[in-house]
DNA sequence: CAACTTGTTGCGAACAGTTCTCATTTGCAT
DNA sequence: ATGCAAATGAGAACTGTTCGCAACAAGTTG
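Residue numbers (the working numbering), protein chains in the order written: chain C, 248 to 379; chain R, 248 to 379.
Written as structure tokens, this is what we have:
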């Protein structure tokens, strides 16, 4: 599953840039940021690194409503959900026993197994609400 | 919000094809189906019609993990969630007061407003499990 | 430290899904 | 029937992402 990996400054740069970003960022934006800082990293590499980080559980990923793949450096280990501000992208990680239980129960009731679930909340944080 | 709309056989064809489909379908697939039935409808029109149906609340939409936009003719009026079989695409509509409440509460706790949420379950239905 | 092996990189081309452009058609109120 | 704006279809254009491949470099080996 986890095949051999080498340490390159590129991978590290992506990891760092991701950690610095607030909330979720897309690959392209991250790439721009890095180039703006003088890095010569390639776009494809950013994609590859992000995918690797996500697979390694070091980053969280989700799809924006526009179909873009967004990533976030992941603090909480393991399964969790998000509350994301539509305005500034600021993100809170959530735990939701209630929802986990509900998902498992409903799945079982319908005879479904291997239940996975997507649960994310989008809203407007206090700060962004004032601005608008 | 709802600007004038005309009745065209194309729109009706999309509505019908969508109703006939089991589970969620993508625009391209729906287009293929229609063409296969002899229709001369254009792909762009299928996209436009689906978007219109979704906006009108007549269809439900969600993003597949591959980033495709999927639609389903919507039985239950208003807000609801889904339990979707990864195998056959069969879909059950769910209501989940628990989840609604949780979402609202958590949003409020964090000072967020205008909370929207995405809650979908993916699993393997009884039939598909046997096959595998 | 040099040679080597093989994962990694960067580039541009290739792709997939979707939207846009625009000339033409068509619904529908008059 | 007539007129006008909405809707259509074909293809070009866009967007986000992945691929192919030659050049490169990390980390091991002798």
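Note that CB positions come from ideal geometry on N, CA and C, so glycine has one too.
- Only buried fits residue 278(C), as 16 or more other CB atoms lie within 10 angstroms of its CB.
- Taking C-beta atoms as the reference points, residue 350(R) and residue 309(C) fail to come closer than 8 Å.
- One thing to note: residue 273(C) has its Cβ within 8 Å of the Cβ of residue 315(C).
- Annotated three-state conformation of residue 287(C) is coil, per DSSP.
- A Cβ of chain C is located within less than 8 Å of the beta carbon of residue 310(R).
- For residue 268(R), the three-state secondary structure derived from DSSP is coil.
- Neighbours of residue 271(C) in chain R, taken as residues whose beta carbon is under 8 Å from its own, are absent, since the nearest beta carbon is some 14 Å off.
- Bounds of the alpha helix (DSSP H) holding residue 373(C) are 373-378.
- Cα atoms of residue 255(R) and residue 340(R): separation of roughly 29 Å, rounded to the nearest angstrom.
- Membership of residue 307(R) in the beta strand (DSSP E) is indicated by the continuous run 306-310.
- Remark: C-beta atoms of residue 358(C) and residue 373(R) approach each other more closely than 8 Å.
- For residue 344(R), the uninterrupted alpha helix (DSSP H) segment begins and ends at 344-356.
- Within the same chain, 257 come within 7 Å of residue 292(R) by CB-CB distance, once the 5 residues on both sides are set aside.
- Excluding the 5 residues flanking it on each side, residue 335(C) has same chain C-beta neighbours closer than 8 Å at 269, 270, 372, 374 and 375, in chain order.
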